[in-house]
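Take a look at the structure below.
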Amino acid sequence: MPEGDPVRAEVYVDVLCPWCFIAKRRLETALAALPGTGRAAVVWRSFELSPGQGRVPGPTAAEEMIRWWGERASARIDLIRRLGAAEGLVLDLHTARPVNTFDAHRLLHLAAARDRADPMLERLLGAYHTDGADIADLHVLERLGAKAGLDGGDVAAVLRGDAYADAVRADERRAFERGVTGVPALVIGTRPPVSPLRPPAELARLLELGMTGRPG
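Residue 111 in the UniProt record's numbering is what sits at position 111 of the sequence shown, and the numbering runs on without skipping anything.
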């Protein structure tokens, strides 16, 4: 695999999406296959799947999927569980309850400013999909921020104000401009968005092409 310049890999995610957790694991595997001198610079971008979602937990994700998919929901829920398990993840849609993720995205931007975006996203995804935590609850977010290595005072100040709100909105505008219509979505350099749910070997190939400037 030839070496090249680092390439920016922008990954659009939302905490509510179990596929984003699966994609994160596959991307990590792909990144590990790249040469040490030509690794991609991963930037996690905000994309709210349900910006109108309330802040109070309601039905579980599984119950919502049954409402959307009807009799096909059970197979889809099981598929997500199995694909997550293959990546070492426990994805429990029967305990995860969708809520508004805007504050979680603001917290992720604070973490990015402190070079802690990856561990912050890991904490958010694990708390929601595995532990069934209420990731709209500011106290939960403060606890997760501390576990991700952020200063507690910084986290409290952000969550109790409106810091990074503009950054979240900017990410969402950027998504529209780049042709991103859902998550997870991967944008490598200036290329069109692709799904990061591809096999890790294919993701590594795409990242390598981005580093060398060759067409896909």
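Note that CB positions come from ideal geometry on N, CA and C, so glycine has one too.
Residue environment analysis places residue 176 among the exposed positions, since fewer than 16 neighbouring C-beta atoms fall within 10 angstroms of its C-beta.
The continuous alpha helix (DSSP H) containing residue 155 extends over residues 152-159. Judged by their CB atoms, residue 55 and residue 136 are nearer to each other than the 7 angstroms cut-off. Across the structure, residue 211 and residue 87 are spaced so that their CA atoms are roughly 26 angstroms apart.
With three or more CB-CB distances shorter than 8 angstroms, the region 190-200 counts as touching the region 20-30. In the three-state DSSP reduction, residue 31 falls in the helix class (H, G or I).
Apart from sequence neighbours up to five positions away, the residues of its chain that approach residue 142 with a beta-carbon distance below 8 angstroms are 152, 155, 156 and 159, ordered along the chain.
Residue burial is scored here from C-beta neighbours: residue 74 has fewer than 16 other C-beta atoms within 10 angstroms and is therefore classed as exposed. The beta carbon of residue 102 sits closer than 8 angstroms to those of 48, 51, 165 and 168, all from its chain and outside the five residues before and after it, given in chain order. When the Cα atoms are used, residue 72 and residue 63 turn out to be separated by approximately 12 angstroms.
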